[in-house]
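Structure record follows, encoded as structure tokens.
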Amino acid sequence: GDAEISTLQIVLFIADASSALEMAADGGSSSLQLPCVFSPKSRQFLALCAQDGRLRIWNTDSKTLHQEYVPSAHLSATCTCIAWGPCRTVKEGPQRKKRKSEAVQVEEKADLLAMGTAAGTVLIYSTAKGALHCTLDGAHSGGVNCVQWHPEESLLYSGSDDTNIVEWDLQTGKTRSKWKADRAAVTSLCVSPDGKLLLSAGHIIKMWDLDTKEVYRKFTGHSTAVTTLRFATTRPPDSNGLYFLSGAAHDRLLSVWQVREDGKDKNSVVSFTLTDEPQHIDLVTSNSKEEAVRLAVVCKDGQLHLFEHFLNGPCKKPLSPSCTVQMSDTKESPMPIPLLAAVLGADTRTVMLAYGSHLQPVMEKEINTAERHVCLTRDVQTTLSLSMETTVSKVKTPIVNAKSKVLVPGLPGHQAPLKGTSQGSEKRKKDTDTKEMSIAERLGEIDLSTISEKGASKGTASLQTDNFAVLLVQGLESNDASILNKVFQTRKDMVIKKTVARLPLSAVLPLVEEVTYTFVLSYRASLMVRWLKAVLMHHTSYLASLPDLVTQLGVLYHVIESRVKMFHKLTKLHGKLYLLMTQVSANICSAVHSIISFKYFQMTGF
Amino acid sequence: MVEHGDIRVVHCGGSKLNFRDPVITHDSRFLLCASGEAVKVFSTSTEECIHELRGHTGLVTGVLLRPSNHLQVYSSSLDGTVRLWDFTDGILIKTCVIGYPIYSFYASAKHENIFVFAERFQLVAVHLPQSGDQLVEARELSAVLSGVNPNPAAIAFGRGGEFIASVNDLQLEVYFFKKQKSYRFFLKEDNKKGGWNTFTCVACHPKDDCIATGHEDGKIRLWRNFNHKKEYTYSTLHWHHSAVSSLCFTPEGTNLLSGGVESVLIQWRYKQESERDFLPRLGAAITHITVSPDGSLFCTSHSDNKITIIQSCVKVSAVIQGLVKGDSIRTDLMMDPRSKALVLNGKPGHLQFYSLQRDKLLYNLDIVQQEYIHESGLQQFEVVKAAFDASGLWLATVEERHQKAAELELNLKLWAFDEQTQSFVLNTTISAPHDAQITAMSFRQTADSQTTLLVSTSKDGHFKAWQLAAPAHTEDYIQSVNCPSWLCDFVGAYHGLVPECCSFSADGSLLAVAFQEVVTVWSPATWELTFFFFSPPSISDLCFGRLSCSKYLLGTTASNLLCCWNLLTCSCKTSPCIKVLSTQNFFCDSLNRFISLFLSFLLSVFVFKPSEPRPLFSRKAVCSGKVTQAVFAPREEMLESCEESSQWLNRSQLYFLTQQMDLMTFTTKAEEDRLLASSKQLVIDDSVAMTPFYLLLGKHRQQQQEHRDSDSSLWAERTALPQTSASIKELLQTPAHVLPSTSYLCSMFVQSLLISVSDARSAHAEEEMESEKEEEDSEEEMESSRSKPELVAAATESDAPALTKAQARELRRVRKLDHSWLAGLLDS
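Chain order of the listed sequences is X and W. Be aware that the first sequence starts at -7, since it is given in the working numbering, and climbs by one per residue. Be aware that the second sequence starts at 39, since it is given in the working numbering, and climbs by one per residue.
Next comes the structure, spelled out in structure tokens:
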């Protein structure tokens, strides 16, 4: 029994160990995480290395693909990390005086991009030229895991699987120094904002003095490979005010470390809780104690968390985000859209996002994050199809769909609703109220009529023998379209005249309203004119006695006026067309004549 | 009035790109074009501007590659100078003063002179003195042709520079340099079909004696045998329906390219003219066509300030688009609150969104959505007015087609920004919203940023208020069921006068409409006329104050008064009223409470605070041309300037557009200093380019190096081997045609073979550095606070021993020498 238990234990132990190993190996290679970086300062570009090994640079202003670059051997030596260089400024010749009207050449254009590859080389790509600027190779024997630019000098640091850190001198394109940093692969690097310190993460996190290349501090804490290192403050290291931040694979916490003067900085001081392992981090460093550190973290599960914290000594509780942003599509059962990257705007409340797939991300500026949980719905497909078109032609076509309304002269709403002079604004409000009431009533009636359709059809059949006036009154009262249709179909002037004459006074106004609405549907206008004429002939006195005549007949008036306005032009056109047609037919006749006579001559043999 | 020394007017972009034909460099990597007072160098693959060659003080009128050195370029300008530039680094090499304004210029590989079109319609040959000075004066001028057309397309060099062809009006003149003789050919003014025979452009075949000329009626004539006065012949090609604006032969002469208003690029096969290829839909009328020297890239300039780069007449590979200027700026300049881009009418029927920070066109928004027919004289729909609401959620546009005075077609379109699709969506189209042209539009801004009211004023004497509302009648004929749309809410008029402009107050509670000389103020809640002001001359512009000055209503009048009414006291007093000369426009800042004023004739800018009668800032003669439009753009980052005079620039920036389409702005000294301090220059070696060839060689070299490293002890004693000498390497790697004479090189070669003391020393140093140390990988590393740094400095750098200083200096001198004389020798 004991032996069995022990073997089982061993088996379990081995299984555990192997899974732990697998996990470590998985965490060590960051190839699963595709590099995705916004350009510094103005955030004009988003550099993205997708699954197919190509580097794509997207313009965040026009949201279009700016450039695509296929590194040679992009499938074997895949790009593992990207870093934008400091912004380029246009070189000024020293010999030339500056003229008065010239702007200082300070266009802050992001230009150079350093890419570390799995083959151990570092490529420097120029986005202005759209070509490779130079290649740095020959120093790493393993794949490059991270590249970092020096903020001031033209130096570049790269950390690799071969446990070394290399300092590249970009003026010559050669290595300036190379040193072994750790026992394990160097997975992450970060240069301090003043350019004097370098953080590296391998087995443990080390802080290096860049002047002497000596270890300044060591920090231990993460059990998995550290994927992110960032300085959180810009204070000098001996002031107890220097903080940095680290995140690791499979770790749902971001740790903040304080660099203390006394060296008692073994443990992290603050931690931020996340929903998944961090994928992309943007951070606004604080320059003083009064300034909060702002942090935007995009997790692997596609959520964005925003934090804001005043770094001042340790804080025991893990901090939860001040805002969480999620995104979903517009389908009936919404699916989440993964966020790829986010950067904080100059304004404290805005962020810029990239979301969708790595092959075709969508960029969006100015997302307001005032609330604690923000869920955005986006239609990625339409957005993409619109932006694809823009890439080539630089023309963006706004969406025009059937939902958009067209107001032509004559339709209600094209002219202001006419109001009688006696009525104030209160009357108008009341008007709209009654209208809303009537809408509800009508809707109810429509429902009823559809239910009792059988009965209605029977009714119309039986009512046929009755006179038109009764039918019309019935139709108007029940608002039955079929009855009204039947009545309005008549073309006999006498019938119309008699019907209108027999109409009770209470039905006159509804008739006018009905006629007006049918009138707007232009294809029945010619029929309606007869009815209108008859109404005006018989009931003018009644209409004139109405107190709110102007509002009642306002629409009708506009309709008639707009139609009459075109009458002159239409007559002209009609005349011209008539002339043309007669000419054509005359010509055809003569042509036919001539052909026939020609044929005749031919046949008869002249 | 005070002059403020630390506020400067600076140029910030937007210039014309299509003024003269662009030039593509020999390696097809760059495209150079004249743009205002500078020459811009663009990358043909990325469309980015890489350098701006600045230095001319007048309009640049031409760019030409230097025939003898393909890395240098000449530019000519109205300031009377020709300048020579190195375009890869953007350095001015030489300035040559000619003394006359140059309108266009030409050069040929055959002639050392350049040809300049100067005043009095003369073509002049100029000999550029070959001296090392920065500034030289050209004195050797000789007239070649007189009475030439000022259009630069009207002159072309013939086969290898043997002759020059010039067209003017109805005359083709060919001048032979060798014979010093010119022949003239005339066409009749009008042929029988009524077409115009006037010449528009000329191009010469590079290998053959053939001249192609374009004509006003769309014909292209190919002239041959023109070295005889009598026996000349020509054949006619006809496809274009209106004037041919540009002609160009490909470098090998196999094809002829032509373009015109139709915006179609046509490629005719030379000697098989019935076969032709078309590249249609290039967007706008073609003004210039150029071909890269290797013939792989074509490039067309267009009338909408665009350069299209085309790969072998098949595919448009890049579009360099500047600020589009239509016939005129009908819409005012606006700022899109969402993207912070400048918005104005662009291509016909489009609104353009232009990024001020990057000086780049973002996109054109297609408003009219009708195919534009490229034909001159056709009246088509154009966007004439546009307005954004404060949050950028709504956009109102007015398009009009104007055939005759009586027949006016108007459409008012209201677009809603849809967050889901990140695009504008058409909400309502109102056809014929007014009977006459719309003069102004304005959205109401309310406190809860829900804009539901738009006011449009028209020349028909009415103003209309449009309201966003759910449809009032749910009858079956209204198709849109639940979507709120815009409906007319109120039509206002005042004694039949024509309303010129309108403005909502900051909180949206008041609407001011100026009817000629009467300013009426309405309350939008009830549409009652609350009060009106009367000012004798008619009001041309109207605006409410913002923030603390919201009680003020400002207006400019035709008689050059800036009036300010206080709405709280309700008295129609025009207390802060300044007499100013000829106000043209005034522009209101939406963020803070400043008003700027432009005076058209004096070209002056005044900035006022509405509450004070004296201007805060004034500047005379801000630019050389008229200011047409201006706009206040909010800043991304606020400036902290404590000076009273420049406070108005803290939160926003004033941009203005001149007639030459130049965008100008004001900057303060503090801002410039800040920017200069933050900017730094990155110098990065770009000599290493990764090519398959390089990979091959690089690997080989690496192997060699490794081999060398392995037995470095052996090498240390024998460092002075000739192969490792850098000067010899240099000598062998430099192309032979740029090397100086062998007699000169010989001494250097011999010198380099001698073992110098410094060489040996450096070799020793190298040896020391390369001795590698293995790092101890022990557990104690965790404890020890300091680990020893392993410094392998410059491991790869040390493969070649350094030169002696004298050698290096010598070599540098040799490299700097002008080798252009050799090119001349090779040619002859």
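No residue lacks a Cβ here, since even glycine has one placed at the ideal position from N, Cα and C.
Across the structure, W:T126 and W:V47 are spaced so that their CA atoms are roughly 29 Å apart. For W:E227, the three-state secondary structure derived from DSSP is coil. Of all residues in the region 215 to 244 of chain X, none has a C-beta nearer than 7 Å to a C-beta of chain W.
Here W:K219 carries a strand assignment [DSSP, helix/strand/coil]. Chain-ordered, the chain X residues with CB closer than 8 Å to the CB of W:L464 read P390, I391, V392, N393, S396. X:M199: member of the beta strand (DSSP E) spanning 197 to 201, first to last residue.
Residue environment for X:N259: exposed (fewer than 16 other C-beta atoms within 10 angstroms of its C-beta). If the five residues before and after W:L492 are omitted, its C-beta is found closer than 6 Å to the C-beta atoms of A434, F481, W504, all from its own chain and listed in chain order. When the five nearest sequence neighbours on each side are left out, the beta carbons in the same chain lying within less than 8 Å of the beta carbon of W:M372 are those of L380, V381, L382, A424, A425, F426, V669, in order along the chain. Within chain W, the residues placing a beta-carbon under 8 Å from that of X:P401 are S469, A470, ordered along the chain.
The C-beta of W:G321 has 16 or more other C-beta atoms within 10 Å across all chains shown, which makes the residue buried.
A straight line joining the alpha-carbon of W:Y272 with that of X:E381 spans about 44 Å.
In the three-state scheme derived from DSSP, where H, G and I count as helix and E and B as strand, X:Y570 is classed as helix. Residues of the region 52 to 78 of chain X with a C-beta less than 7 Å from any C-beta of chain W: D53, S54, Q59, S64, G77, P78, listed in chain order. The alpha carbon of W:L791 has as its nearest neighbour, out of W:S779, W:H775, W:Q845, the alpha carbon of W:Q845. Here DSSP, grouped into helix, strand and coil, assigns X:M327 to coil.
Contact holds between the region 461 to 478 of chain W and the region 496 to 503 of chain W, because three or more Cβ pairs, one in each stretch, are under 8 Å apart. The C-beta distance from W:C239 to W:V282 rounds to 6 Å, short enough to meet the 8 Å contact threshold.
Under DSSP, W:L692 forms a beta bridge with W:F670. Contact annotation: in the region 521 to 547 of chain W, residues whose CB is within less than 7 Å of a CB in chain X are C521, S523, L525, C526, D527, F528, V529. Counting C-beta atoms within 10 angstroms of its own C-beta, W:N263 has fewer than 16 neighbours from the protein chains shown and is therefore classed as exposed. Within the region 386 to 412 of chain X, complete beta strand (DSSP E) segments of at least 3 residues are found at 397 to 399, given in chain order. Distances from the alpha-carbon of W:Q458 to those of X:G405, X:T369, X:K397, X:H530 put X:T369 closest. Residues G294, M319, S320, D321, Y347, G348, R370, V372 of the same chain have their beta carbon placed closer than 8 Å to that of X:I329, with the five preceding and five following residues left out of the count. In this chain, the beta strand (DSSP E) harbouring W:H500 covers 500 to 507.
Closest in C-alpha terms to W:I358, from the list X:T52, X:H58, X:Q43, X:A39, comes X:H58. For X:R522, there is no enclosing beta strand (DSSP E); the enclosing alpha helix (DSSP H) has its first and last residue at 517 to 537. Taking a 10 Å sphere around the C-beta of X:T70, we find 16 or more other C-beta atoms and assign the residue as buried.
Excluding residues up to 5 positions away in sequence, L102, Y112, V120, F143, Y144, A145, A163, V164, L166 lie with their Cβ nearer than 8 Å to the Cβ of W:I152 in the same chain. Taking 8 Å as the threshold, the shortest C-beta distance from W:E211 to chain X does not fall below it.
For X:W249, the secondary structure class from DSSP, reduced to helix, strand or coil, is strand. Here DSSP, grouped into helix, strand and coil, assigns W:D527 to strand.
Contact between the region 53 to 67 of chain W and the region 318 to 333 of chain W is present: 3 or more CB-CB pairs across the two stretches fall below 8 Å. Near chain W, meaning a CB-to-CB distance below 8 Å, the residues of the region 319 to 335 of chain X are T322. Chain X has no Cβ within less than 8 Å of the Cβ of W:D171. Residue environment for W:F572: exposed (fewer than 16 other C-beta atoms within 10 angstroms of its C-beta).
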